[in-house]
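Be aware that the sequence shown starts at 1, since it is given in full-length UniProt numbering, and climbs by one per residue. The C-beta atom is built at its ideal place from N, Cα and C for all residues, glycine as well. Input: a single structure, listed below in structure tokens.
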Amino acid sequence: IYRLCHSLGIYCIVICVSYRQIFAQTQPKVMLFVAKKLELRGFFCLNLIVVQEEKTWEEALDHCRENHHDFTSLISQTENLLAQNQIQNSTITQRVWVGLRFLGDTWMWVNSNPLSYQAWTQTGDQDQHSPVWKRCGALTKQGEWENRDCEEKLHFICV
1 IYRLCHSLGI YCIVICVSYR QIFAQTQPKV MLFVAKKLEL RGFFCLNLIV VQEEKTWEEA
61 LDHCRENHHD FTSLISQTEN LLAQNQIQNS TITQRVWVGL RFLGDTWMWV NSNPLSYQAW
121 TQTGDQDQHS PVWKRCGALT KQGEWENRDC EEKLHFICV
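Printed below as a string of structure tokens:
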């Protein structure tokens, strides 16, 4: 049970699972919390909002910042797996926008989180030679990152 709310095509999800459950590939126990501050040792909490509206990358960024907190960043394998799990519904586009953008000569998270963990697709061209029209990052249902045309309209994940 991980549906916290569903209205206007928006799923709000608060997931708290232990790291052991994620890496053991077992079904995690999901707990919903209403609290301002959680201090749980050995637990990881992530608030994901999967927005089922098709928008360009820039439109999605604006939507996340105006209606939620920001675009999601996936800074670990755990976060990537949790996000991947949340986009498996057949009504969600095959890939979703995340806060990944190619600026200057590097890929970065728009919320300034470090890009230490990476999950690029093996066929992607995410290096410095990324075509000018494919400089926005998306997460696929297979859990891989792809560089896409920023004008493509996809669902997206906010936090």
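Residue range of the alpha helix (DSSP H) that residue i falls in?
i	result
R135	Looking at the DSSP string, R135 is not in any alpha helix (DSSP H), and its letter there is neither H nor E.
N147	First-last for N147: 145-148, but that is the beta strand (DSSP E), not the alpha helix (DSSP H).
N85	77-86
Tell me whether the beta-carbon of residue i lies closer than 8 Å to the beta-carbon of residue j.
i	j	result
D70	C158	yes
R95	T56	no
W109	L115	yes
A119	W145	yes
Determine the closest residue to residue i out of the options, with distance taken between C-alpha atoms.
i	options	result
T121	A83, L74, A138, P114	A138
I87	Q52, W107, N111	Q52
Y117	A60, V132, G143	G143
E58	L100, Q77, S90, W107	L100
W107	E151, R65, V132	V132
When DSSP builds the beta bridges, which residues end up paired with residue i?
i	result
R95	T140
W107	F102
W57	In the DSSP output, where bridge partners are listed per residue, W57 has none listed.
So, at 7 Å on beta carbons, what are the nonlocal neighbours of residue i in its own chain, with the 5 sequence-adjacent residues on each side left out?
i	result
K153	E54, K55, T56
S7	With a pLDDT of 42 at S7, under the threshold of 50, the modelled position of this residue cannot be trusted, and the question is left open.
K36	Interpretation of K36 is limited by its pLDDT of 34, a score under 50 that renders its predicted location unreliable; no figure is taken from the coordinates.
K134	N147, R148, D149
E151	T56
Q77	Y117
Considering only residues of the same chain and omitting the five flanking positions on each side of residue i, which have a CB-CB separation below 6 Å?
i	result
T93	L154, H155
N113	S73, I75
N67	none
C64	D70, F71, C158
T26	Low confidence applies to T26: its pLDDT is 42, below 50, so where it sits in the model is not reliable enough to give any reading.
Q84	G143
A60	W97, F156
Is residue i close to chain D? Criterion is C-beta to C-beta, closer than 8 Å.
i	result
Y117	Given the protein chain composition of this structure (a single chain), no chain D is represented.
Looking only at its chain, what residues have a beta carbon closer than 8 Å to the beta carbon of residue i, apart from the 5 residues adjacent to it on each side?
i	result
S90	none
N111	D70, F71, S73, G99
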